[in-house]
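In this note's numbering, the protein residues as written are 9 to 486.
Written out as C-alpha cells, the structure is:
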C-alpha cells in the first residue's frame, strides 16, 4: 500500500471511528456516481470493510439528463463494482419531468430523485445506513451558498457528518435510515491524488463545468476569486466555521428541546404565553422544532413562516391563523397554538393494515406499523388525535379479524380503558377541545367493527392486554 493510499484510508478509518459513524451499522449502501469522490470512497471502504466489520453495496442513479453519457456512467460503476465483487443496484429517473411537475430547479429535482432512490434501495437491501462522498470542498461551497442566501447557525453548520434521511427536508416518507458523510475533512485534490496513485480512472460529468448551475458558479468562479483576493485558505476557513457553528447549533438545539417541553400543554399544543416569554432566538428554535414534530417539513418552516407563528403567539385575543407552505396552517384558539391541515375536513377513509408490517396512507399523510411485541404500552391521555402515538392491544382479542385504520363516523362509540360503559366519540373529542374542523381527520383503529384504540387518548377496554400476546401499534405522520 502506498503512503498516499495509506494516508487517505487511515483518515477515513479515523473519521468513521472517532465520529462514531459506524455505530451498529453492519450493512452500508454507498452512493456512487462514478465521479472521483465516490469512486475513491468505494475503493477506501472496500479496503476497510473487513478490518472494521461491515459489508457494502453500491447504488447508482442515472438522472436521465445526459443521454449516452449517463448510460456510460452507469456501465462504469457497474463494471467497477463487479471487479470489486460488490453488489451494485442501478436506477433511472426522469429529473426534467420531476422538476416541471414540482416547479423546482433541475438541481433540486436531481437531489430529490437521488435520495428517494437511495432510500428505496437501502430498504430493499436491508442497509441501515447510506454513505455519500461529500468532501471538504462540498462543505465550503455549501456554507458559502447558505451564507449568500441567508440562514442561521443551523445553516452555517453546513453538511453534518451524520444524520437521517428524514432530516433532509425532502417531501418523502420519513426514514430512520442513517446518512453518513465520512470524507468531509478530505479535499478534492487529495481524492484525485489517491486515485491517480491507485491507477483508478473515474468519470467526469461535463455538466460540472457548466456555470448554468449555481453551485458550479461558486466552485469555479466565486471560491477561486476569494482565494486569490481575500484568503488563500478560504476553503479551510469555511470548513472550520461550519464545524464551530455545528457544535453551537447542537447545544442550542438541546436548549430548544427543553424549552419546547415547557411550552406545551398536556395535549401537545403550544402555549401562547409561554412562547412569548422566550428570547427571540430561542423562540424561533422552539417554533421550528414544534412544527417539525407536528409533521411540517423543514423546508416549510423557513424564517418568514416562523416569524409569522411568533407574531401569532404574541397576540392575546381572538382566534387567528397563519397559513404555511405545503397545505398547513397554525391556528390560535383558547390561548394555544395548533398545527392543522389547511385543506379543511378530510374525506372519509378506511384502510386495512398489514399485520405485522408497515402500512402507508399517503393521502392521509400517515404511517402505521404493527408488530408482535410482548409487554404493554398503555396510552392514557387527553389529546385524541395527537401523533406520533403508540399503544399495545390484545392479540387474543383481535384473533383472526383484520385491523383497519379509519376516520370517525356519525354515532361512533367506544368503551375507553378502565370504564364500564361506552361513550360517544363525539363527546370525547368535544371534552378534549378538539376543534370541529379537525375531528374528521382523527384516525381510529378498528377491529371487528368496533373502535379498538383512539390514538392520543386510550385503547378500548375489551382490547386491553391481559397476557403476553400483544400487538404494538404505532401511528405517525409521513
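For every residue, glycine included, the Cβ atom is placed at its ideal position computed from N, Cα and C.
| Query | Result |
| --- | --- |
| Below 6 Å CB to CB, which residues in the same chain sit around residue 485 once its five sequence neighbours on both sides are set aside? | 303, 373, 395 |
| Name the residue from 470, 455, 414 whose alpha carbon lies nearest to the alpha carbon of residue 427. | 470 |
| Going by CA-CA distance only, name the one from 329, 400, 375, 277 that's closest to residue 344. | 277 |
| In terms of alpha-carbon separation, which member of 382, 413, 207 lies closest to residue 375? | 413 |
| In the structure shown, what three-state DSSP assignment does residue 182 receive? | Residue placement at residue 182 cannot be trusted, given a pLDDT of 48 that sits under 50; what the coordinates show is reported in the next sentence. In this structure, residue 182 counts as coil in the three-state DSSP scheme. |
| Would residue 190 be called buried (16 or more neighbouring beta carbons within 10 Å of its own) or exposed? | buried |
| CA-CA distance, residue 454 and residue 379? | 16 Å |
| Quick one: measure Cβ to Cβ for residue 398 and residue 481, integer angstroms, because I've assumed they're closer than 8 Å. | 7 Å |
| Could you compute how far the alpha carbon of residue 432 sits from the alpha carbon of residue 441? | 15 Å |
| Along the chain, where does the alpha helix (DSSP H) that runs through residue 465 open and close? | It is not in any alpha helix (DSSP H) - residue 465 carries neither H nor E in the DSSP assignment. |
| Quick check: what's the CA-CA separation for residue 401 versus residue 430? | 18 Å |
| Please determine whether the Cβ atom of residue 93 lies at a distance below 7 Å from any heavy atom of the ligand FMN. | The ligand FMN is not part of the structure shown, which contains no ligands of any sort. |
| Does DSSP put residue 336 in a helix, a strand or coil? | strand |
| Whole alpha helix (DSSP H) runs in the segment 83 to 111 with 4 or more residues, listed along the chain? | 103 to 110 |
| Could you check where the beta strand (DSSP E) with residue 375 kicks off and where it finishes? | 374 to 380 |
| How is the alpha helix (DSSP H) around residue 162 delimited, first residue to last? | 161 to 164 |
| Quick check: what's the CA-CA separation for residue 39 versus residue 186? | 13 Å |
| Can the beta-carbon of residue 250 be found less than 8 Å from the beta-carbon of residue 29? | no |
| Would you check if the segment 203 to 217 and the segment 38 to 53 touch, i.e. whether three or more CB-CB distances between them fall below 8 Å? | yes |
| CA-CA distance, residue 93 and residue 34? | 17 Å |
| Helix, strand or coil for residue 20? Go by DSSP, reduced to three states. | helix |
| Out of 237, 248, 80, which one is the CA nearest neighbour of residue 150? | 248 |
| What span of residues does the beta strand (DSSP E) with residue 123 cover, start to end? | Where residue 123 is concerned, there is no enclosing beta strand (DSSP E), although the alpha helix (DSSP H) it sits in stretches over 114 to 133. |
| Determine the closest residue to residue 460 out of 99, 416, 227, 447, with distance taken between C-alpha atoms. | 416 |
| State the beta-bridge partners of residue 412 as determined by DSSP. | 360, 454 |
| Within the same chain, show all residues whose beta-carbon is closer than 6 Å to that of residue 369, passing over the 5 residues directly before and after it, in chain order. | 359 |
| Would you mind sorting residue 252 into buried or exposed? The rule is 16 or more other CB atoms within 10 Å of its CB. | exposed |
| Helix, strand or coil: which one does DSSP assign to residue 10? | Interpretation of residue 10 is limited by its pLDDT of 43, a score under 50 that renders its predicted location unreliable; the figure taken from the coordinates is listed afterwards. Three-state result, residue 10: coil. |
| Counting only the same chain and skipping the five closest in sequence on each side, list residues whose C-beta sits under 8 Å from that of residue 125. | 67, 69, 99, 101 |
| Please name the residue, chosen from 258, 475, 236, that lies closest to residue 163 on a Cα-to-Cα basis. | 258 |
| Provide the residue(s) that pair with residue 39 in DSSP beta bridges, ordered along the chain. | 67 |
| Over what stretch of residues does the beta strand (DSSP E) that includes residue 296 continue unbroken? | From DSSP, residue 296 is part of no beta strand (DSSP E) but of the alpha helix (DSSP H) over 288 to 301. |
| Taking the runs of the alpha helix (DSSP H) that are 4 residues or longer, which of them lie wholly in the segment 170 to 235? | 196 to 206, 222 to 225 |
| If you draw a straight line from the alpha carbon of residue 182 to that of residue 237, how long is it in whole angstroms? | Interpretation of residue 182 is limited by its pLDDT of 48, a score under 50 that renders its predicted location unreliable; the figure taken from the coordinates is listed afterwards. When rounded, the distance between both Cα atoms is 44 Å. |
| Using the C-alpha atoms, what's the distance from residue 19 back to residue 143? | 13 Å |
| Quick one: is residue 95 buried, meaning 16 or more other Cβ sit within 10 Å of its Cβ, or exposed? | exposed |
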